[in-house]
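Asker: These protein sequence lines map, in sequence, to chains A and B. So for the first sequence, the numbering used here puts the first residue at 1; every next one is plus one. So for the second sequence, the numbering used here puts the first residue at 1; every next one is plus one. Virtual Cβ for every residue (Gly too), placed ideally from N, Cα, C. Since the structure is predicted, the reported quantities are computational estimates derived from the model, not experimental observations.
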Amino acid sequence: SQQGEEDPQALSIQEGENATMNCSYKTSINNLQWYRQNSGRGLVHLILIRSNEREKHSGRLRVTLDTSKKSSSLLITASRAADTASYFCATDAPSQGAQKLVFGQGTRLTINP
Amino acid sequence: DGGITQSPKYLFRKEGQNVTLSCEQNLNHDAMYWYRQDPGQGLRLIYYSQIVNDFQKGDIAEGYSVSREKKESFPLTVTSAQKNPTAFYLCASSIFLWTEAFFGQGTRLTVV
Chain A
1 SQQGEEDPQA LSIQEGENAT MNCSYKTSIN NLQWYRQNSG RGLVHLILIR SNEREKHSGR
61 LRVTLDTSKK SSSLLITASR AADTASYFCA TDAPSQGAQK LVFGQGTRLT INP
Chain B
1 DGGITQSPKY LFRKEGQNVT LSCEQNLNHD AMYWYRQDPG QGLRLIYYSQ IVNDFQKGDI
61 AEGYSVSREK KESFPLTVTS AQKNPTAFYL CASSIFLWTE AFFGQGTRLT VV
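1. In its own chain, which residues sit with a C-beta less than 6 angstroms from the C-beta of Ile49 of chain A, not counting the 5 before and 5 after it?
2. So which of A:Arg36, A:Lys70, A:Ser79 and A:Lys69 has the shortest CA-CA distance to Glu114 of chain B?
3. Determine, for Lys100 of chain A, whether the minimum Cβ-Cβ distance to residues of chain B falls below 8 angstroms.
4. Measuring straight from C-alpha to C-alpha, what distance separates Arg44 of chain B and Ala81 of chain A?
5. Reducing DSSP to helix, strand and coil, say where Asp83 of chain A ends up.
6. In three-state DSSP terms, what is Leu101 of chain A?
7. For Ser73 of chain B and Ala31 of chain B, which I take to be in contact (beta-carbon distance under 8 angstroms), what is that distance rounded to the nearest angstrom?
8. Using a 10 Å radius around the Cβ and a threshold of 16 neighbouring Cβ atoms, would you call Ala98 of chain A buried or exposed?
9. Could you tell me if Lys100 of chain A is buried or exposed, where buried requires 16 or more neighbouring beta carbons within 10 angstroms of its beta carbon?
10. From Gln105 of chain A to Asp59 of chain B, what distance separates their C-alpha atoms?
11. When the distance is taken between beta carbons, is Pro75 of chain B closer than 8 angstroms to Thr110 of chain B?
12. Comparing alpha-carbon positions, which option in B:Gln50, B:Ser80, B:Val52 and B:Ser49 lies nearest Tyr64 of chain B?
13. Nearest by alpha-carbon distance to Tyr87 of chain A: which of A:Val44, A:Thr27 and A:Tyr25 is it?
14. How far does the beta strand (DSSP E) with Tyr35 of chain B in it extend, from its first residue to its last?
15. At 7 angstroms on the CB atoms, spell out the chain B contacts of Gly16 of chain A, in chain order.
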């Protein structure tokens with residue numbers, strides 16, 4: 001099963017509202033990353049948060065990390081139509097005996113105008 | 001501009017053929033990766049390379065091969081042994097292994 005699992009799988013909100021996506025993982029990590037993917041395109045890196053950090057901000061993005069609960073959340077404030085995309089969390093976690101960057105299955109975010 | 005370039009954007013393969021997907025970066029990154037993405041799914045790691053002339057199998061390497069003869073280039077060959085090759089293939093690079101990754105725009109491979 002996936003190391004990182006996003007919740008919800010799909011989210012649809014009105015423009016201007018805040019969007020929150022969650023990511024849970026199973027094993028200890030050094031860092032957790034969030035990426036955005038527009039339909040049919042490559043991924044774009046948003047934020048990296050280290051295991052000793054609890055919160056990070058970048059513009060309208062806020063990421064929190066709770067290592068005791070093995071979970072992270074991505075908050076997008078004042079959403080815009082251009083935020084419509086899939087959002088993935090990725091953790092550097094053991095996979096088949098080696099450390100790798102493992103992606104979750106993503107949250108599909110739709111911003112309605 | 002620095003970046004990572006994948007070509008072609010679309011590729012069609014007949015059953016039994018090998019095809020090679022190109023990935024070039026001018027970011028001076030040591031680490032490079034190939035991921036496969038199926039519809040509505042996350043990314044699965046095929047191969048990765050930490051440095052020139054070195055590469056390691058990822059989680060789904062069977063039916064694929066790579067080379068890393070130059071720092072800038074990490075081509076992926078999808079061989080006839082890959083039974084279900086139709087997918088979206090993404091190449092990425094990073095300064096160090098498993099840190100912030102920069103992705104190409106992907107190659108969509110279809111078996112016809």
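Answerer: According to the structure data:
1. Around Ile49 of chain A: Leu32, Lys56, Val63 and Leu65.
2. Residue 114 of chain B cannot be examined here, being either before or after the span of chain B that is shown, 1 to 112.
3. The beta-carbon of Lys100 of chain A is placed less than 8 angstroms from the nearest beta-carbon of chain B.
4. About 28 angstroms.
5. Three-state result, Asp83 of chain A: helix.
6. Three-state result, Leu101 of chain A: strand.
7. Incorrect: roughly 13 angstroms between the Cβ atoms, too far for contact.
8. Around the CB of Ala98 of chain A, fewer than 16 other CB atoms lie within 10 Å, so the residue is classed as exposed.
9. By the 10 Å Cβ count, Lys100 of chain A comes out buried.
10. A straight-line Cα-Cα distance of about 15 angstroms links Gln105 of chain A and Asp59 of chain B.
11. Not a contact, by the Cβ cut-off of 8 angstroms.
12. When C-alpha distances from Tyr64 of chain B are compared across B:Gln50, B:Ser80, B:Val52 and B:Ser49, the shortest belongs to B:Ser80.
13. Closest option to Tyr87 of chain A, Cα to Cα, is A:Val44.
14. Where Tyr35 of chain B is concerned, the enclosing beta strand (DSSP E) stretches over Ala31 to Gln37.
15. Simply none; closest approach about 27 angstroms.
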